[in-house]
Amino acid sequence: MRVVFDTNIFISAFIVPGSQSERALILAQRKRYELYTSVAILTETAQTLRKKFDQSEEDIREALHIISRTARILKPKIKVAILKDTPDNRILECGVEAQANVIVTGDRHLLKLKKFHDIPIVRLVDFLRMFPEGDT
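Residue numbers (the numbering used here): 1 to 136.
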């Protein structure tokens with residue numbers, strides 16, 4: 001299964017130890033599914049960790065290192081401009097480029113779409129239902 005995480009999933013995985021987002025990232029590290037991301041998603045993740053959460057450059061480098069070891073990094077060829085928030089469009093582009101089976105997000109604008117190019121857009125809790133609790 002090919003999966004794309006929105007930036008908010010990555011942020012929560014690093015900011016909230018023991019969170020459902022961290023569990024989802026661990027599942028990817030354990031090859032339970034294929035995780036895909038893009039340069040734009042990594043850039044937004046770094047900027048958010050820096051500006052909103054005042055993380056050190058060392059912590060940000062470590063987070064990006066963990067993501068890059070876990071996920072395949074893509075450079076989407078298509079451009080999407082259907083949502084007002086530019087970073088949300090970058091998530092959709094990555095999903096299409098990855099030929100993802102699902103996009104996982106907590107963003108209400110993305111969730112409102114429900115699907116994009118036949119790719120379901122789901123909340124983290126719904127995604128994790130595919131992996132029973134002891135299945136990490």
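Note that beta-carbon positions come from the ideal geometry of N, C-alpha and C, so glycine has one too. If you're wondering where the values come from, they're calculated on a predicted model, not measured in any experiment.
**Prompt:** Among residues of its own chain, excluding the 5 on either side of L124, which ones have a beta-carbon nearer than 7 Å to its beta-carbon?
**Reply:** What you label residue 124 is simply residue 124 of the sequence shown in a count that begins at 1. So the list reads I9, Q20, S21, A24, V104, G106, once near-sequence residues are dropped.
**Prompt:** With which residues is E34 paired in a DSSP beta bridge?
**Reply:** Here residue 34 corresponds to residue number 34 of the sequence shown, with the count starting at 1. Partner(s): R2.
**Message:** Please tell me whether L110 and D126 are closer than 7 Å, where the distance is taken between their beta carbons.
**Reply:** Residue 110 sits at position 110 when you count from the first residue of the sequence shown. Residue 126 sits at position 126 when you count from the first residue of the sequence shown. Not closer than 7 Å, so no.
**Segments assigned beta strand (DSSP E), at least 3 residues, entirely inside the segment 46-130** = 71-74, 102-104, 119-122
**Asked** Of the choices V80, R72, R61, I78, whose alpha-carbon is the least far from that of Q47?
**Response** As a working mapping, residue 47 is identified with position 47 in the sequence shown. Of V80, R72, R61, I78, the residue nearest in Cα terms is R61.
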